[in-house]
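Written below as structure tokens is the structure these notes are about.
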Amino acid sequence: MRLITRLLILLLLAVFTSCGPKPLSVPDEKPVAYIPDHAGYRNAEIASKNGRYAEALEGYNEFLRDTKDDRMVDAVLFKIGEILKKTGQNEGALAVFSRLRNEFPESAWVPDAVLEILNILYERNDFATVVTDGTAYVDATAYVARNGPIYNIIARAYGALGANLESANFYLLAWRAAPDSEKEEAWTQFLDAIEGLESQDLAQMVVQVFEPRVEGILLYRLGMAFLLEEDYDQAMDVLNAFVDRYPNHPDYSDAVTMIQTLTERQRFVPFTIGCVVPLSGAYSLYGRRLLDGITLALDHIGKEADGIEFQIFIEDSRSDSFAAVKSVDSLDLKKVGAILGPMAASESAADRSQASGVPIFLFTQREALPNIGPYVFRNFITPEMQVRALVSFSIDELNMSRFAILYPRENYGQRYMNLFWDQVIAHGGLVTGVEAYDPTGTDFSKPIKKLTGIYFDVPPELAAEGLPKKPFQPLTEMDLSDPERFYAAMDPVERITGLPFPRPIIDNLSRRVRNEEDRWHPIVDFDAVFIPDAPKKAGLVIPQLAYYDIQDVTLMGTNLWHSNTLLKMSGAYIKSSLIVDGFFAESENEHVREFVAAFTEAFGRIPGIVEAMAYDTAMMVFETMRKTTTDSRRELKDAFLQIADYDGVTGRTAFLANGEADKQLSMLTIDDGRFTQIQRTPEREMTEKDQLPPPSQ
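With my numbering, the residue at position 278 of the sequence shown is 463, and numbering never jumps.
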């Protein structure tokens, strides 16, 4: 929406300076009236003026029966329709006006007849028909001044239907068509119509106008609409365009004052940062870990900032939405440049920070939070990020192509299952099997057997030892054209099952596990199996995979697998594994080693992903403030979006246009009972670096 509106405004400023009003096409005026030499007509005219409508109808109808001169038929039909309408005979009036319109389409009385038809429909509250019939008429005719009342009634019908944008557009047409004596009344109606329009509607209108008076008021109202929607950046852009183009507009002074207010609102005290962290409540442990990472970053930047002293204001969100909002308000009053945190109550804090125009960096996995607005950022490991990294690494680096998914039947597992499946398809891979298991259970044999084709009973024909085998012979054209020869050429198992199994799978089906009559070798038609679950549950699933001879595949897991619990429970059963995480403290990377050493010395413990993410985020904010040297939050926000290849302890980081971090995550495996990092090939690393998204414009 924001990008579209900017494009519309640019188009407006670039194009409409050269546009002029289009010439109007006015139909012939009504013919000069004459009095037919017909007694019935003369009597009808006199009776109509004196309110004797029954007598008038009789005279007009007598004239229509007798006359052979078409010059007055259309006018008489209109007079009859008017009388019927005045006397409450709306059905008859509709029929007569419709006859006039249909039989005399070129008549100068048609616009009046159409208007009367629409008025009758409007009085019935049949607004939809007014719209359809009215727009059909005006679309079929040239824009004419006499259509002004028709535009007006269509506008009123659209308004009654709640179609405010369409209503405003037709009020604009009515104003254009109004005679000078009615111009200001029509303008007032147009102003009332645009009063309640939202920004997207006003933006659509402003690129379609050519009159300076209309363009000016639409630009001003568009700026005000953005203000009401708390989109202050857009409001500033539009109001600046307005004052540049219309210095003599009545609303010019008001717009200038608003621009000054917005400019002052965007200012912050240089080198000040706010922190909203849960120092009490359910998430207080994580809040203190965040603060430790930020504190270390502050210490490091102080040594690099050439004497610049950064100041941090800390607010306790108490893991509560109300407290988080109050914390953002307090930091806004202190004129901080950006806010770090929170974890819990992140959506409430993000909403208030966006409304206040303060850049905020969230530490949460909640979905779609950066899309709240341009001032909301996130530098944290998300499900989408993890799944994308797992799939792209396994396909691009490890040359895998076939995947199975074994997931817990709960929200967490279903979310990861869907994300993983989508990513496999997006990367050109194949999901060969998907099975769910009870997250509260401990026996996973049923989904494992289903995943590998050994759950259902094997047909007796396939269970016998010494299953007939037929050597591969390519079919000839004669085989294909002769059903008997084609059938004879088929593999015996294909004839039995009706399924064209590859021969290796057939051979596996024909082999029992030695000395175990009820067990069969599994059909492992996948290179890896993805198990999105916590280490305790995964530690129960993995040994059962090994029990059913599913051993020559890679086991894939999320960052939850990066746990000593998994090593203790199932490390011996994991021959090949691929685990994704946002931080690896045992990394050989020099930057990571220095960070871990400094953190351990300062706090007496090894940092985890929370501390590492907080450290990287704080360092990015500090360094951007130091290099940007601005006191405008908007300019600072734009500078954050320019971060395209920050080399932090949590990997290279860029920010997408919506404020979401795009990170290169760590890929881990289990080797000899411990986690180790898998090194990327230099060529692949360079390719990924080159493909990081460009900075937002």
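Using N, Cα and C, we set each Cβ at its ideal position, and we do this for glycine too. All of these numbers come straight from a predicted model, not from anything done at the bench.
Starting from the C-beta of residue i, find all residues in its chain whose C-beta is less than 6 angstroms away, skip the five residues before and the five after it, and write them out in chain order.
i	result
threonine 902	No statement about residue 902 is possible, as the shown extent of the chain runs from 186 to 882 and does not include it.
serine 504	Pro463, Gly466, Ala467, Tyr468, Ala529
glycine 598	Tyr592, Pro717
alanine 523	Ile458, Pro544, Val806
lysine 520	Phe453, Val454
tyrosine 733	Ile633, Pro707
serine 292	Asp259
phenylalanine 780	Val834
Nearest to residue i by CA position, among the options, is which residue?
i	options	result
alanine 797	Ile302, Ala342, Tyr471	Tyr471
tryptophan 294	Asn332, Phe605, Leu518	Asn332
lysine 848	Leu752, Glu569, Pro364	Glu569
proline 426	Tyr226, Leu404, Ala371	Residue 426 is actually alanine in this sequence, not proline. For alanine 426, the nearest C-alpha among the options comes from Leu404.
proline 221	Val261, Glu532, Lys634	Val261
leucine 586	Ala278, Asp710, Phe507	Correcting the residue identity first, residue 586 is serine in this sequence and not leucine. Among Ala278, Asp710, Phe507, the Cα nearest to that of serine 586 is on Asp710.
serine 352	Lys368, Ala313, Ile590, Pro364	Ala313
asparagine 433	Ala782, Gly844, Ile402, Asn603	Ile402
glycine 793	Gly742, Leu476, Ile379	Leu476
serine 762	Phe715, Glu532, Ala799, Glu775	Phe715
Exposed or buried, what is residue i when buried is set at 16 or more other beta-carbons lying within 10 Å of its beta-carbon?
i	result
glycine 273	exposed
valine 561	buried
glycine 236	exposed
glycine 478	buried
glycine 724	buried
valine 399	buried
aspartate 164	The first residue shown for the chain is 186 and the last is 882, placing residue 164 beyond what the model contains.
glutamine 864	exposed
lysine 270	buried
threonine 814	exposed
glutamine 496	exposed
glycine 244	buried
leucine 694	Unreliable positioning characterises leucine 694 in this predicted model, as indicated by a pLDDT of 49, which lies under 50. The coordinate reading is nonetheless provided below. Per the 10 Å Cβ criterion, buried.
proline 290	exposed
leucine 518	exposed
phenylalanine 507	exposed
Go through its chain and collect everything with a Cβ distance to residue i's Cβ below 7 angstroms, but skip five positions before and after it.
i	result
proline 728	Ser755, Tyr758
leucine 357	Phe375, Val399
glutamine 736	Lys760
alanine 440	Tyr405, Gly408, Leu424, Phe427, Val428
For residue i, which of helix, strand or coil comes out of DSSP?
i	result
valine 561	strand
arginine 865	coil
alanine 839	strand
glutamate 414	coil
methionine 804	helix
isoleucine 764	strand
arginine 551	coil
methionine 257	helix
methionine 741	strand
arginine 859	strand
isoleucine 883	Missing from the structure shown is residue 883; the chain here goes from 186 to 882 and no further.
isoleucine 265	helix
glycine 236	coil
Go to residue i, then tell me how far its beta strand (DSSP E) extends in each direction, as first and last residue.
i	result
alanine 621	615-622
glutamate 845	Glutamate 845 -> no beta strand (DSSP E), and no H or E assigned at all.
serine 851	851-856
alanine 770	Note, alanine 770: premise wrong, no beta strand (DSSP E); not H, not E.
valine 454	Here valine 454 belongs to no beta strand (DSSP E), and DSSP marks it neither H nor E.
glycine 793	Segment: none, glycine 793 is in no beta strand (DSSP E) and carries neither H nor E.
valine 714	713-715
isoleucine 545	545-547
aspartate 832	831-833
isoleucine 524	523-525
Where do the N-terminal and C-terminal ends of the alpha helix (DSSP H) with residue i fall, by residue?
i	result
serine 541	531-541
phenylalanine 588	Run containing phenylalanine 588: none in the alpha helix (DSSP H); it sits in the beta strand (DSSP E), 587-593.
aspartate 734	Segment: none, aspartate 734 is in no alpha helix (DSSP H) and carries neither H nor E.
tyrosine 343	333-345
threonine 373	368-380
glutamine 496	Here glutamine 496 belongs to no alpha helix (DSSP H); instead the beta strand (DSSP E) covers 496-501.
asparagine 349	349-362
proline 632	630-636
Examine the ligand NAD and report whether any of its heavy atoms sits within less than 8 angstroms of the Cβ of residue i.
i	result
glycine 833	Among the components of this structure there are no ligands whatsoever, and the ligand NAD is therefore not found.
Kindly list the residues whose CB is nearer than 8 angstroms to the CB of residue i, restricted to its own chain and excluding five residues on each side of it in sequence; keep chain order.
i	result
leucine 382	Asn349, Leu350, Ala353, Met390, Arg406, Ala410
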